[in-house]
Every structure is written in structure tokens, then in C-alpha cells.
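Okay, structure first, notes after.
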């Protein structure tokens, strides 16, 4: 029988959820089940990874390890080769530490894991896994066990195309859209959640795994594009007819999500401990910070001379086509990384600084970044500048950016060669906040309690504890004892176990996703602001 149910809500934030469980005039309570769940259980803010981004954060949830140890820092991996920077998507083979799916499986617990990123190609587990963020035509060969896909096809109204993203349609978001097109763009995302709910409902009912875990990612996607219709501080006092429709459309999404949560918790039964968490929170970003333009102004990055031709303009639309690699010493690779890479010449003749100059060079770079200030107020644009040994310590630290930037509005940087360095956004947009949510309810869980902020790596330890398994001694997370009643803790003392198993082998027989499909995924990331 199922012991533990986990419902992931990508990007969920108390800023929005507290509105959804409040009795609003003319609206009522949008999420009545979640309201009851929160009032009768435990809630806590959940601090995300240093750069609160989907891949490193969800991998930290799945492993109980920080990015400096599990090795995933972004949506994509970048590698410099001469005068080129090559990008490839992170996948499950890049995770350098063991996942909870594996820890539970090898200790005789069955698992179902649905829609989590960086889980393809899957490794065998005792149960079923359907990865997220995979093009629909690659879904069959990336589920485990292999025969699972035929079971999914028997689910009424199953449509693998709705599980994935309509990449061609989403590219419209890169262009100007009318109000009607924007409304339709948000609307068409809703059926994905129903598809994942139907799969979760079927496998929970038929398989009764010890650990049932499903992630709904529409929260993040809608908040990115429709934050101004969800943040109570941004709602118009006199909304237009279109603004009212958009608000109602967003509310309808959360009503449907509440119904899916209710159905899964009810199906799991009263003896199951239920946990919900998000990989990060959300807030508004009000300005664009063109970090590579700033690095150019300070002499760290050099652009090639522009010919002002049409071909040159097309090259400038590419992120790095006009970078002079012989002279560039520091640059930002992706908006989603919010990180700066320092080029170090490890071999004679290579471009970059000498290794023995690294500390002095980085200190000067930090001072220059601190000098970027609001001309009107004097406030620093970059509120924190994190060294990689401070925020990403571990065996994989060398793959992290040398510096990670936290902007004053938590936005993602821009890496385009455009002026000025800082420009206000025409309309506030949604961006990631480092504090997400962590909720718990069920037997042995405290009732009606709000507790101290937890760390994202605590989620994996919580799952293992709920499953009655020992916590590996190398897990970086802790069991949140304040979630559980003293009686439950006394009857179920925390046990420590042997270290988790490590995986460092990228060899896999699963065929690679085609270059064309990788381009479509990159286009999706561009649409959401993670790439440019």
C-alpha cells in the first residue's frame, strides 16, 4: 500500500497560494481543498538552490544533494572549444549522485515518478517513471519499464502530444502577440495538467506504490507569462474586459489543480503521509539587466567590430557570434545561469587569464559588478555576488559559474549586445524567487502549524523518513522534525544509513534526442526567458 504521496508544484509560492485559499469577494475560495490541507497540516517556506532554477532545484529535491555535488546547474551544459561555445541539454546521465527513486528501489520500496525534469533517459527502478521535459515522440523510449507506454495508451483520452509542449506554437510567444493570442496561449497549457493527473490517478490506483510522486509544472509556466494577473499587488483596480478574462482563466487553472490534488490525496487514503513542495517561488521582475553589455563596458568582454550589414545584424541576434574570443576574459553564457564564467588559460597559448591571476582578477570583477547602481537611488542593481566555492561547494564545483548573480528584483539577466545596460520592463513579468513552499499533512503530521524555513535538500530526507528508510550519511538534507508529532518521532526514530550510491557514467543505450528536437527545447527555454 502507498505510504507516501508527493505532489510537486513547480514554481508555487505562498504569494499566490495564500490568495487562492482566501475567501475573495465575488470569487470565493479558489482552492478549497488546499485551504483545508494547509489549515490542518504543516507549512513552511522552502529555500531553493543558490540560483533558484528548475533543473538544479528539482535534482536537489530528488537527490538530497546540492548542485555542487549532484552536478546539474542549468538547463544546458556549455563547453568552450576554441572560438566556439557548444551547448547541450543536461539529462539524467549528468546527475552525479543517487536519486531517491534508486534509494527506495534498492531497499524494497516501489516507486512511481511522473513529470520530473532531468529523469530521461531513466535508469531502472522498482516501479514506473515517466519523465518530464521530453518531446512527445521520444516519450515511449524514455519511460520505464518499457511496457509502461502501452498501459498509458489505454488511459481514456490519453494524448502524448499534450504531455509535452507544442514547440511550434510556443515559438509564437517570442513574437508580438495580440491580447487574444496571449489569452489562447495561456489557455492551451491547461490540458497538460489533466494528462499528468490521469496518469497519476491510474498508476496510483492500479500499482499502489510505496512512494507516489507527480509534478505539475503549469504553475510555473502560467506565472511566467501571467504574473500580473496573479500577484495581488499588480492587479488593476479597473481591469479591462480582457484583463478580467485573463484573471478568470488563471483562477480556473488553480481550481482545476485543486481538484487534481483532492482526487489524488483521497485516492491515496487516510493512512498516507502527503507532502507538497515547489522547486522555487515566484515574484515580479521590473527591469532588464544586460550583463554582457556591462562586462563589455568594463573591458572584460570584447565584441567584434560590426559591419552593419544585414548578415551582421543576423549574427548579432545570436548570443555569441560577435564575441571576440581572443580578447574576452569573462562573460555570461545563459540568462538562466545568472552566472559569469571567467576564462582561464590552463595551457600556453590559450585565451584567458593566467591561473595565478584568478583570485585577484575575480576580486576586481566583483568590485566592478558592485558598482552597477541605480542612477536615481544609488541602490545596487546586483544585490549579491556569490563565489562558486561559497554557493556550490562539492565534487562538481568546477562546472559551476565562477560567480552567480542575484539581481535586486531576482530577475534573469540578459546576455544580448544591446544598450543601455539596465532598462525598465514595459510590463512586470514573473521570475523565480528563492523561497518556495513545503507542505505536509496526514497521520503523524502536526496540525495547523507554520514552522521555520527548510532547505530544498530536506525534501529527499523527508521522503525516506516517511518510507521508513534510513537517511544516507552523505545526504545533505535533514528530516524536518518540526513537521511530525513528538509521538510519531518517538515511535519512528530517525535512522542513519550507509552512504548513497554514486553514478558517474554517461554511457547509455537510449538513442539521443535529435538535434532538431534539442533546438525546439531550446526555443521553449527561450520563450520562458531562460535562453536568448
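Numbering (the UniProt record's numbering), first residue to last: 1 to 532.
Each residue gets a CB set at the ideal place from its N, CA and C atoms; glycine is no exception.
Bear in mind the structure is a predicted one, so any value in this text is a computation, not a measurement.
1. Any idea which residues DSSP pairs residue 482 with across the strands?
2. Using a Cβ-Cβ cut-off of 8 angstroms (strictly less than) and excluding sequence neighbours within five positions of residue 66, which residues of its own chain qualify?
3. Would you mind giving the Cβ-Cβ distance between residue 289 and residue 414, rounded to the nearest angstrom? I have them listed as a contact below 8 angstroms.
4. With a Cβ-Cβ cutoff of 8 angstroms, do residue 5 and residue 212 count as a contact?
5. Determine the burial state of residue 377: buried for a count of at least 16 other Cβ atoms within 10 Å of its Cβ, exposed for fewer.
6. What residue range is occupied by the uninterrupted beta strand (DSSP E) comprising residue 261?
7. Can you say whether residue 8 is buried or exposed, counting buried as having 16 or more other CB atoms within 10 angstroms of its CB?
8. Span of the beta strand (DSSP E) holding residue 432?
9. Can you give me the Cβ contacts of residue 1 inside the same chain, cut-off strictly under 7 angstroms, excluding the 5 residues immediately before and after it?
10. For the alpha helix (DSSP H) that contains residue 446, what are its first and last residues?
11. Let me check one thing: in DSSP terms, what residues is residue 28 bridge-paired to?
12. Compare the Cα-Cα distances from residue 497 to each of 472, 485, 478 and report the closest residue.
13. Is the CB-CB distance between residue 431 and residue 339 below 8 angstroms?
14. Taking the alpha-carbon of residue 136 as reference, which of 124, 367, 158 has the nearest alpha-carbon?
15. Does the region 135-154 come close enough to the region 214-226 to have 3 or more Cβ pairs within less than 8 angstroms?
16. Once the 5 residues before and after residue 247 are set aside, which same chain residues still bring their CB inside 6 angstroms of it?
17. Report back the beta-carbon spacing between residue 97 and residue 69 to the nearest angstrom; my notes put them in contact at under 8 angstroms.
18. Comparing alpha-carbon positions, which option in 382, 440, 131, 99 lies nearest residue 294?
19. For the beta strand (DSSP E) that residue 407 lies in, which residues bound it at each end?
20. Please list the segments of the alpha helix (DSSP H) lying wholly inside the region 352-394, counting only runs of 4 or more residues, in order along the chain.
21. On the criterion of 16 or more Cβ atoms from any shown chain inside 10 Å, does residue 54 qualify as buried, or is it exposed?
22. Count the other CB atoms, across all protein chains shown, that sit within 10 Å of the CB of residue 364; report buried if there are 16 or more and exposed otherwise.
23. Buried or exposed for residue 330, going by 16 or more other Cβ atoms inside 10 Å?
24. Would you list the residues sitting across from residue 5 in a DSSP beta bridge?
A quick look at the data gives this:
1. Taking the first residue of the chain shown as position 1, residue 482 is located at position 482. Residue 482 pairs with nothing; no bridge assigned.
2. The residue labelled residue 66 in the question sits at position 66 within the chain shown. Once the five neighbours on either side are set aside, the close Cβ partners of residue 66 are 49, 60, 392, 393, 394, 457, 476.
3. As a working note, residue 289 is residue 289 in the chain shown. As a working note, residue 414 is residue 414 in the chain shown. Going by Cβ atoms, the distance from residue 289 to residue 414 rounds to 7 angstroms, so yes, they are a contact pair.
4. Numbered from its first residue, the chain shown carries residue 5 at position 5. Numbered from its first residue, the chain shown carries residue 212 at position 212. Their beta carbons are under 8 angstroms apart, which means residue 5 touches residue 212 by this criterion.
5. On the chain shown, residue 377 is found 377 positions in, with the first residue counted as 1. Counting other Cβ atoms within 10 Å of its Cβ, residue 377 stays below 16 and is therefore classed as exposed.
6. Against the chain shown, residue 261 aligns to sequence position 261. Not the beta strand (DSSP E): residue 261 falls in the alpha helix (DSSP H), residues 241-268.
7. Walking along the chain shown from the start, residue 8 turns up at place 8. Counting of Cβ neighbours within 10 angstroms places residue 8 among the buried residues, the total reaching 16 or more.
8. The residue you call residue 432 lines up with position 432 of the chain shown. Taken as a continuous stretch (DSSP letters only), the beta strand (DSSP E) holding residue 432 covers 422-433.
9. Numbered from 1 along the chain shown, position 1 holds the residue referred to as residue 1. Setting aside the 5 residues that flank it on each side, residue 1 is surrounded in the same chain by 208, each with a C-beta closer than 7 angstroms to its C-beta; the list follows chain order.
10. Position 446 of the chain shown holds residue 446. Neither: residue 446 is in no alpha helix (DSSP H) and is coded neither H nor E.
11. Mapped onto the chain shown, residue 28 falls at position 28. In the DSSP assignment, residue 28 forms a beta bridge with 24.
12. As a first step, residue 497 must be located in the chain shown, where it is residue number 497. Selected option, being the one with the closest Cα: 472.
13. The count along the chain shown starts at 1 and reaches residue 431 at position 431. The count along the chain shown starts at 1 and reaches residue 339 at position 339. No, these two residues do not count as a Cβ contact at 8 angstroms.
14. Stepping through the chain shown from its first residue, residue 136 is reached at position 136. Closest in alpha carbon position to residue 136, among 124, 367, 158, is 158.
15. The region 135-154 is not in contact with the region 214-226.
16. If you number the chain shown from 1, residue 247 lands on position 247. Within the same chain, residue 247 has close Cβ partners 229.
17. Position 97 of the chain shown, counted from the first residue, corresponds to residue 97. Position 69 of the chain shown, counted from the first residue, corresponds to residue 69. Cβ-Cβ separation between residue 97 and residue 69: approximately 6 angstroms, consistent with a contact (criterion under 8 angstroms).
18. Sequence index remark: in the chain shown, residue 294 carries index 294 (1-based). Residue 294 has its Cα closest to that of 382, out of 382, 440, 131, 99.
19. Stepping through the chain shown from its first residue, residue 407 is reached at position 407. Secondary structure note for residue 407: its beta strand (DSSP E) is the uninterrupted segment 403-407.
20. Complete alpha helix (DSSP H) runs here, min 4: 358-370, 388-391.
21. Here the question's residue 54 lines up with position 54 in the chain shown. Buried, since its Cβ has 16 or more Cβ neighbours within 10 Å.
22. Looking up residue 364 in the chain shown gives position 364. So residue 364 ends up on the exposed side.
23. On the chain shown, residue 330 is found 330 positions in, with the first residue counted as 1. Its Cβ being crowded by 16 or more others within 10 Å, residue 330 is buried.
24. Taking the chain shown and counting its residues from 1, one reaches residue 5 at position 5. DSSP lists 212, 274 as partners of residue 5.
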